[in-house]
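S.K.: This is the structure I have questions about; it appears just below.
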Amino acid sequence: MDTEQARTFLAIAAHGSFIAAASQLHLTQSTVSARIQRLEETLNARLFVRNRSGASLTPAGRRFLEYAKRLVFTAEQAIHDVGSSSRYRATLRVGGRIALWEGFLPQWVGWMRRTNPDVAMRTEIGFEDDLMRRLIEGTLDLGLMYTPSHQPGLIVEHLFDERLILVSSRPDVHEPGSGYVHVDWGASFHAQHRQSFPQMETPALVANIGWLAIQLVLANGGCCFLPVRLAQPLLTTRQLFPVLGAPEYDHPAYMVYPQKAESMVLEQAVQGLREVAKQQR
Numbered sequence: 000m001d002t003e004q005a006r007t008f009l010a011i012a013a014h015g016s017f018i019a020a021a022s023q024l025h026l027t028q029s030t031v032s033a034r035i036q037r038l039e040e041t042l043n044a045r046l047f048v049r050n051r052s053g054a055s056l057t058p059a060g061r062r063f064l065e066y067a068k069r070l071v072f073t074a075e076q077a078i079h080d081v082g083s084s085s086r087y088r089a090t091l092r093v094g095g096r097i098a099l100w101e102g103f104l105p106q107w108v109g110w111m112r113r114t115n116p117d118v119a120m121r122t123e124i125g126f127e128d129d130l131m132r133r134l135i136e137g138t139l140d141l142g143l144m145y146t147p148s149h150q151p152g153l154i155v156e157h158l159f160d161e162r163l164i165l166v167s168s169r170p171d172v173h174e175p176g177s178g179y180v181h182v183d184w185g186a187s188f189h190a191q192h193r194q195s196f197p198q199m200e201t202p203a204l205v206a207n208i209g210w211l212a213i214q215l216v217l218a219n220g221g222c223c224f225l226p227v228r229l230a231q232p233l234l235t236t237r238q239l240f241p242v243l244g245a246p247e248y249d250h251p252a253y254m255v256y257p258q259k260a261e262s263m264v265l266e267q268a269v270q271g272l273r274e275v276a277k278q279q280r
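Heads up: the sequence shown at position 108 corresponds to 107 in numbering that gives the first Met the number 0, and the numbers run straight through without jumps.
The following block contains the structure:
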């Protein structure tokens with residue numbers, strides 16, 4: 000058994016599909032199938048049931064899930080720790096949506112550095128699918144996101160609610176127009192947005208992150224929905240203006256972490272996020 004087989008197993012478990020796992024791992028489907036076949040031969044057990052909807056874990060697969068996570072985690076930890084300075088007692092791996100790295104997460108990182116100076120941190124930006132997959136694999140300790148999925152062995156905890164407001168490059172705008180940039184803030188936002196603007200045609204411009212929408216609006220004019228936290232500096236400098244009378248939406252932010260993680264560092268990190276989140280509320 001090797002870690003690549005375990006990573007492949009975890010990718011299929013996370014996505015529920017051999018095809019999706021192959022795409023995520025940048026492998027051919029035949030390579031993914033061959034790895035799982037060798038793994039099943041090693042374990043002398045069938046790990047997945049394949050059907051039209053994808054692939055689901057067998058009872059043996061569910062039992063192997065925790066072992067696979069530990070195998071991948073141990074390999075990742077060994078690679079990092081062997082090359083790390085001995086003055087760090089632990090490493091914390093954190094990933095989050097880019098909007099949460101604007102102000103909120105850097106503030107928390109500062110809290111961690113002050114309270115745990117002997118803990119090394121690996122930080123990265125990601126989207127929900129990738130962050131959830133990494134958490135399931137055990138290659139990420141903490142994930143910060145807007146639309147998490149509920150998975151066995153992971154705790155999803157609400158932190159605070161963003162407030163999404165409509166902002167424009169011009170002060171005389173009253174509703175989304177031809178320069179509107181639709182930001183993909185997730186399923187809940189889409190549902191509220193459709194209810195507010197049932198007659199709106201498909202926008203010509205769509206952005207998958209708020210930062211990108213800001214750049215498009217500042218460069219070309221237009222409007223978009225942004226969290227107040229991101230919009231406020233631009234409103235203060237009058238680079239952007241609030242669209243008065245436009246609907247506002249709550250957009251909850253969550254942290255996701257392993258249920259069975261026996262780590263004092265992770266417990267402290269989670270408590271720190273709760274403390275910093277109180278200021279956001």
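Beta carbons: idealized from backbone N, C-alpha and C, even for Gly.
State buried or exposed for M254, treating a residue as buried only when at least 16 other CB atoms are found within 10 Å of its CB.
M.R.: Reading the sequence shown from its first residue, position 255 is the one you call residue 254. When all chains shown are included, M254 counts as buried.
S.K.: Extract the residue ranges of the alpha helix (DSSP H) inside the stretch 224-253, only unbroken runs of 4 or more that lie entirely within it.
M.R.: Qualifying alpha helix (DSSP H) stretches, in chain order: 227-235.
S.K.: Alpha carbon to alpha carbon, how far is D140 from T2? Give it in angstroms, no decimals.
M.R.: Residue mapping note: residue 2 aligns to position 3 of the sequence shown, counting from 1. Residue mapping note: residue 140 aligns to position 141 of the sequence shown, counting from 1. Using only the alpha carbons, I get a separation of about 18 Å.
S.K.: Within 10 angstroms of the Cβ of V48, are there 16 or more other Cβ atoms? Answer buried if so, exposed if not.
M.R.: Locating residue 48 in the sequence shown gives position 49, counting from the first residue. It counts as exposed.
S.K.: May I ask which residues mark the beginning and end of the beta strand (DSSP E) holding V172?
M.R.: As a working mapping, residue 172 is identified with position 173 in the sequence shown. Where V172 is concerned, there is no enclosing beta strand (DSSP E), given that its DSSP letter is neither H nor E.
S.K.: Which residue or residues does DSSP assign as beta-bridge partners of I164?
M.R.: Here the question's residue 164 lines up with position 165 in the sequence shown. I164 pairs with L225.
S.K.: Measuring only the C-alpha atoms, how far is E156 from S262?
M.R.: Position 157 of the sequence shown holds residue 156. Position 263 of the sequence shown holds residue 262. Roughly 18 Å separates the two Cα atoms.
S.K.: Determine the DSSP secondary structure at E200, reduced to helix, strand or coil.
M.R.: Numbered from 1 along the sequence shown, position 201 holds the residue referred to as residue 200. Looking at E200 - three-state DSSP - the assignment turns out to be coil, as it is neither helix nor strand.
S.K.: Would you call the stretch 177-185 and the stretch 206-215 in contact, with 3 or more CB pairs under 8 Å?
M.R.: With the cut-off at 8 Å, the stretch 177-185 and the stretch 206-215 touch.
S.K.: Assuming contact is defined by CB atoms lying nearer than 9 Å, are Y248 and L134 in contact in what I supplied?
M.R.: For the purposes of this step, residue 248 is taken as residue 249 along the sequence shown, with counting starting at 1. For the purposes of this step, residue 134 is taken as residue 135 along the sequence shown, with counting starting at 1. No; because the gap between Cβ atoms is not below 9 Å, this pair is not in contact.
S.K.: So, with DSSP's three-state summary, where would you put H192?
M.R.: Position 193 of the sequence shown holds residue 192. In the structure shown, H192 sits in a helix (DSSP, three-state: H, G or I).
S.K.: Quick one, which of N219, R92, V166 and L99 has its alpha-carbon nearest V264's?
M.R.: Numbered from 1 along the sequence shown, position 265 holds the residue referred to as residue 264. The shortest Cα separation from V264 among N219, R92, V166 and L99 belongs to R92.
S.K.: Should D1 be listed as close to the ligand FMN, given that the test is whether its C-beta is under 8 Å from any heavy atom?
M.R.: As for the ligand FMN, it is missing from this structure, which has no ligand bound.
S.K.: Specify whether the stretch 95-114 and the stretch 226-236 touch according to this definition: at least 3 beta carbon pairs, one from each stretch, less than 8 Å apart.
M.R.: Contact between the stretch 95-114 and the stretch 226-236 is present, because at least three Cβ pairs lie under 8 Å.
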